[in-house]
Amino acid sequence: MGADMYCAICCGPFGNATVGVGRWTYIWRQHHLRQPWDLEPVHPQHLPGAADTGHHCGEGSAVETSQEDSGEDYNYDPHVILDEVEHGQVRWVCDVYLLGFDGSRAAFFGPGSHEDFSFVNMDAELDPFGNAQESWECYTDTMQQDPCYPFHKPCYDVLARALTGKKQMTDAEVDRLYHVMRKLGEDCGVSLDLDYRLDGQEYEQFWVVQRGKEYTVTSPAESPAVSAHLQSVLQLERFRCSSGDAATVPMPRGQDLFQTLPPEILHSVAAYLDNDQLLQLLTASRHASAAIRHDNWFWGLRIQSTMAWFFELLDYLDQADSGAVSDFDLKRVFVWANGISRGHVGMKGLFMVVANRRRIWETSCAAIRQEYGTTL
Ligand SMILES: [Zn+2]
């Protein structure tokens, strides 16, 4: 029967991201054919669009369905999945890349394929240590070797940007990353010991496919399609500077606790707030809003410092230096980007790319970066 292990960066599966309708999936069968004491029950998500009952039973046809329990809930919607689908699986998640160590140096190599449990198979010629090894163990070291850490290539590329600001890591940086992985991966069999914001999809024996959460298996790679879509969205009039909108924002009555603070102190206060808290401050204080609301310099820095995961937006706003986007209202851009990049059940469209990247950046990349900064 075996078990899954997960990408150390996104905690997504290496396979088992099943797409389609009309067929009971492997994952569905795992959940429904095992004994009740073997697995806690998983409650299907009753989401809009999940009502089609036109499936044709495959190997699991002996299992009776009911109105409360649809096998479709355990497939990703083919109309929502953005990435290539091959043999009913999201293709990009199937390639496993490894960060390995031979006792003297670390290396990043691949692709291979997940075999079972914590093992990855790979062509012997891809062994970077010259031993023609074909089977590699991840996270644990029952083979008395230094364990490998498995990634998807797009996730590794995102991590490289988070750690170094570049798309490629040097050999010394790869070495350093390996030692960080050893620290964060101790005593964990299937992923790093982090909260990846997956709400339990990864904690079963196998990856739990949930319709409506397609964004969690959407490639986080920098996307020309997102860039093109972003350009068209930002052409909308609502992102242009216009006067007078501050007066339309309802403000609470009573004393404004921030009215005695000069702008530079307000900017310092803002630096300690996360993005949602900052927007709450502007809603609560007319003085803070007046000081910051139309300060494009402030909002430009805020986007750069807190939305580093939105590669396409930062590239686009770089054009501001040439004057191409000089009439933007960057506060509106900020509010919009903060909202559309938040992954949620039922999410659809190109910004799933950014939502999954943001999840990765704010969870594993942040934790790895923190440890990386103290590892020399
Ligand atoms: Zn990944």
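Take the sequence shown: its position 307, counting from 1, is numbered 313 in our numbering, and each next residue is one higher. Glycine included, every Cβ here is placed at the ideal spot set by N, Cα and C.
Exercise. Excluding five sequence neighbours on each side, which residues of the same chain lie with their C-beta closer than 7 Å to the C-beta of F340?
Worked result: Counting from one through the sequence shown, the residue named residue 340 turns up at place 334. So the qualifying residues of the chain are W305, R308, I309.
Exercise. Should I15 be counted as a contact of ligand 1 given a C-beta to heavy atom distance under 7 Å?
Worked result: The count along the sequence shown starts at 1 and reaches residue 15 at position 9. Indeed, a heavy atom of ligand 1 lies less than 7 Å from the Cβ.
Problem set entry | Where N127 falls, given that 16 or more other Cβ within 10 Å makes a residue buried | In the sequence shown, counting from the first residue as 1, residue 127 sits at position 121. Its Cβ having fewer than 16 others within 10 Å, N127 is exposed.
Exercise. Got a sec: does ligand 1 put a non-hydrogen atom nearer than 7 Å to the Cβ of F135?
Worked result: Indexing the sequence shown from 1 puts residue 135 at position 129. Relative to ligand 1, even the nearest heavy atom lies 7 Å or more away from the CB of F135.
Exercise. What are the residues that DSSP puts in a beta bridge with T24?
Worked result: Residue 24 sits at position 18 when you count from the first residue of the sequence shown. For T24, DSSP records a beta bridge to Q95.
Exercise. Roughly how many whole angstroms lie between the Cα atoms of L356 and D301?
Worked result: As a position in the sequence shown, residue 356 is number 350, starting the count at 1. As a position in the sequence shown, residue 301 is number 295, starting the count at 1. Cα to Cα, the separation comes out at about 29 Å.
For this session: Starting from G345, trace the alpha helix (DSSP H) both ways and give me its first and last residue.
Result: Indexing the sequence shown from 1 puts residue 345 at position 339. Per DSSP, G345 belongs to the alpha helix (DSSP H) from 336-346.
For this session: Within its chain, find whatever has a CB closer than 7 Å to the CB of P19; leave out the 5 residues flanking it on each side and keep chain order.
Result: For the purposes of this step, residue 19 is identified with residue 13 of the sequence shown, where counting begins at 1. These residues qualify, in order along the chain: D10, Y12, V99, W213.
For this session: For H49, count neighbouring Cβ atoms within 10 angstroms of its own Cβ and tell me buried if that reaches 16, exposed if not.
Result: Taking the sequence shown and counting its residues from 1, one reaches residue 49 at position 43. Any answer about H49 is weak, because its pLDDT of 38 lies below 50 and its placement is not dependable; what the coordinates show is given next. Exposed, by the Cβ-count rule.
Exercise. Does DSSP classify D391 as helix, strand or coil?
Worked result: For residue 391 there is no data in the structure shown, the boundaries of the chain being 7 and 382.
Exercise. Closer than 7 Å: is that where the CB of C161 sits relative to any heavy atom of ligand 1?
Worked result: Start at 1 with the first residue of the sequence shown, and residue 161 comes out as number 155. Checking the Cβ of C161 against ligand 1 gives yes.
Exercise. Where does the unbroken beta strand (DSSP E) through D89 begin, and where does it stop?
Worked result: As a position in the sequence shown, residue 89 is number 83, starting the count at 1. First-last for D89: undefined, no H or E at that position.
Problem set entry | Residue nearest to V232 in terms of C-alpha spacing, selected from D333, Y322, I298 | Counted from its first residue, the sequence shown places residue 232 at position 226. Shortest Cα-Cα distance from V232 to any of D333, Y322, I298 involves Y322.
Problem set entry | N- and C-terminal bounds of the beta strand (DSSP E) containing L105 | Counted from its first residue, the sequence shown places residue 105 at position 99. Note, L105: beta strand (DSSP E), 102-107.
Problem set entry | Neighbour-count burial assignment, P156, 16 or more Cβ in a 10 Å radius | If you number the sequence shown from 1, residue 156 lands on position 150. With 16 or more Cβ atoms within 10 Å of its Cβ, P156 is classed as buried.
Exercise. From what residue to what residue does the alpha helix (DSSP H) around A277 run?
Worked result: Sequence index remark: in the sequence shown, residue 277 carries index 271 (1-based). Note, A277: alpha helix (DSSP H), 269-277.
Exercise. Would Y103 pass as a contact of P84 if the rule is Cβ separation under 8 Å?
Worked result: Against the sequence shown, residue 103 aligns to sequence position 97. Against the sequence shown, residue 84 aligns to sequence position 78. No, Cβ-Cβ distance for Y103 and P84 is not below 8 Å.
Exercise. Are F107 and D147 touching if we call contact CB-CB under 8 Å?
Worked result: Mapped onto the sequence shown, residue 107 falls at position 101. Mapped onto the sequence shown, residue 147 falls at position 141. Not a contact, by the Cβ cut-off of 8 Å.
Problem set entry | Span separating the alpha-carbon of R217 from that of E270 | Here residue 217 is taken as the residue at index 211 of the sequence shown, counted from 1. Here residue 270 is taken as the residue at index 264 of the sequence shown, counted from 1. The alpha-carbon atoms of R217 and E270 are separated by roughly 47 Å.
Problem set entry | Counterpart residues of W4 in DSSP-defined beta bridges | This structure leaves residue 4 out entirely; the chain is present only between 7 and 382.
For this session: Quick one: residues in its chain with C-beta nearer than 7 Å to the C-beta of W303, no 5 flanking neighbours on either side, listed in chain order?
Result: Position 297 of the sequence shown, counted from the first residue, corresponds to residue 303. Contacts found: none.
Exercise. Which one or two residues does DSSP pair with A113 in a beta bridge?
Worked result: Position 107 of the sequence shown, counting from 1, holds the residue named residue 113. Under the DSSP definition of a beta bridge, A113 partners with G106.
For this session: Using three-state DSSP, classify G118 as helix, strand or coil.
Result: Along the sequence shown, read from residue 1 onward, the residue named residue 118 stands at position 112. Three-state DSSP puts G118 in a strand.
Exercise. What does a CB cutoff of less than 6 Å around T71 pick up in its chain, not counting 5 residues either side in sequence?
Worked result: In the sequence shown, counting from the first residue as 1, residue 71 sits at position 65. Confidence in T71 is poor, its pLDDT being 40 and thus under 50, which makes the residue's placement unreliable; the coordinate value appears in the next sentence. Excluding sequence positions up to five before and after T71, its CB lies less than 6 Å from no other CB in the same chain.
Exercise. Who are C154's beta bridge partners in DSSP?
Worked result: Reading the sequence shown from its first residue, position 148 is the one you call residue 154. The beta-bridge partner set that DSSP reports for C154 consists of C144.
Exercise. Given that a residue counts as buried once 16 or more other Cβ atoms are within 10 Å of its Cβ, and exposed if not, what is R363?
Worked result: Taking the first residue of the sequence shown as position 1, residue 363 is located at position 357. R363 counts as buried, since at least 16 other C-beta atoms from the protein chains shown sit within 10 angstroms of its C-beta.
Problem set entry | Buried versus exposed call for T266 [16 or more other C-beta atoms within 10 Å across all chains shown] | Start at 1 with the first residue of the sequence shown, and residue 266 comes out as number 260. It counts as exposed.
Problem set entry | C154 versus V164, C161, F125, residue with shortest Cα-Cα distance | The residue you call residue 154 lines up with position 148 of the sequence shown. Checking every option, the nearest Cα to that of C154 belongs to F125.
For this session: For H120, verify whether its CB is less than 7 Å away from any heavy atom of ligand 1.
Result: Looking up residue 120 in the sequence shown gives position 114. Not under cutoff, so the answer is no.
For this session: Please indicate yes or no: does the CB of F157 lie closer than 7 Å to some heavy atom of ligand 1?
Result: Here residue 157 is taken as the residue at index 151 of the sequence shown, counted from 1. Yes, since a heavy atom of ligand 1 falls inside the 7 Å radius drawn around the Cβ of F157.
Exercise. Going straight from the alpha carbon of G195 to that of K159, what length do you get?
Worked result: Position 189 of the sequence shown, counting from 1, holds the residue named residue 195. Position 153 of the sequence shown, counting from 1, holds the residue named residue 159. If you take the alpha carbons of G195 and K159, they lie about 21 Å apart.
Problem set entry | Cα-Cα separation between A361 and S225, rounded to whole angstroms | As a first step, residue 361 is located in the sequence shown; it is residue number 355 there, counting from the start. As a first step, residue 225 is located in the sequence shown; it is residue number 219 there, counting from the start. Going from the Cα of A361 to the Cα of S225 covers about 10 Å.
Problem set entry | Selected residue, minimal CA-CA separation from F317, among R244, R338, V164, I87 | For the purposes of this step, residue 317 is taken as the residue at position 311 of the sequence shown. Minimum Cα distance to F317 is reached at V164.
Problem set entry | Proximity winner among S119, F115, H120, C144, relative to G136 (alpha-carbon distances) | As a position in the sequence shown, residue 136 is number 130, starting the count at 1. In terms of Cα proximity to G136, the closest of S119, F115, H120, C144 is F115.
Problem set entry | Residue range of the alpha helix (DSSP H) that includes D292 | Position 286 of the sequence shown, counting from 1, holds the residue named residue 292. Correcting the residue identity first, residue 292 is Arg in this sequence and not Asp. Here the alpha helix (DSSP H) through R292 covers 292-298.
Exercise. With distances taken from CA atoms, which of D201, D89, S311 is nearest G171?
Worked result: As a working mapping, residue 171 is identified with position 165 in the sequence shown. Of the listed residues, the one whose Cα sits closest to G171 is S311.
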